[in-house]
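Mapped onto mature numbering (1 follows the signal peptide of the UniProt record, and there is no 0), the consecutive letters of the sequence shown carry residue numbers -25 to -1, 1 to 108.
Worksheet: one structure, shown below.
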Amino acid sequence: MTAFGFRHKSVGLLCLSFLCKAVFSLDCFVCSSDDSFEECDKARTKEICQPRTTCGKLSFQLSDNHRYRRGCLSVIYCTDPSRYCQNIVDASECVTACCSKHLCNAAPAQEMSRDGFLWWSLMVTSMGLINIC
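Dropping the structure here:
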């Protein structure tokens, strides 16, 4: 193999790496509140999600308080919200909503659930497409 051929493949892999990041990365809002989603939004920032995560919002009961969160969520929590509660001692009543557009987790839950992300994420994960990135 010539040096030129090797360089050509390296450039191709580098480009593929950037393409994957561009295609599979989402910008999501991130915040947390013990009062409401409205209070959460007052301090929200933006975050770039990692592979196998998506934008989401969730709420859960913890002791006498309800907690509200926006951010990047594992696809697993989109399909089975109770798994999120299993990771937090004494948490219950987990509700999640996931979406696949940039900054979509500012939307009300009913708009997020119409996004169609859940089907797409399950298909991509089962096919192993996300693993290439």
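Here a beta-carbon is modelled for each residue, glycine too, at the ideal position from N, C-alpha and C.
A quick note: this is a predicted structure, and the numbers were derived from the prediction, not measured.
query	result
Assuming Cys60 and Phe35 form a contact by the criterion Cβ under 8 Å, report the distance between their Cβ atoms to the nearest whole angstrom.	6 Å
Assuming Leu37 and Asp65 make a contact with CB atoms under 8 Å, what is their CB distance in whole Å?	6 Å
Using a 10 Å radius around the Cβ and a threshold of 16 neighbouring Cβ atoms, would you call Lys21 buried or exposed?	exposed
Sorted by chain position, which residues of the same chain lie with C-beta nearer than 6 Å to Cys24's C-beta, five sequence neighbours on each side aside?	Leu1, Cys3 and Cys47
Helix, strand or coil: how does DSSP classify Arg27 here?	coil
Could you check the C-alpha separation between Gln29 and Cys53 for me, to the nearest Å?	The question names Gln, but residue 29 in the sequence shown is Thr. Near 9 Å, if we compare the C-alpha coordinates of Cys53 and Thr29.
Following the continuous beta strand (DSSP E) through Ser8, name the residue where it begins and the one where it ends.	Asp2 to Ser8
What number of angstroms, rounded off, separates the C-alpha of His77 from the C-alpha of Asp39?	33 Å
So what does DSSP say about Arg58, is it helix, strand or coil?	helix
Could you tell me the boundaries of the alpha helix (DSSP H) in which Cys15 lies?	Phe12 to Asp16
Tell me whether Val70 is buried or exposed, calling it buried when 16 or more other Cβ atoms sit within 10 Å of its Cβ.	exposed
Using the C-alpha atoms, what's the distance from Ile51 back to Pro26?	12 Å
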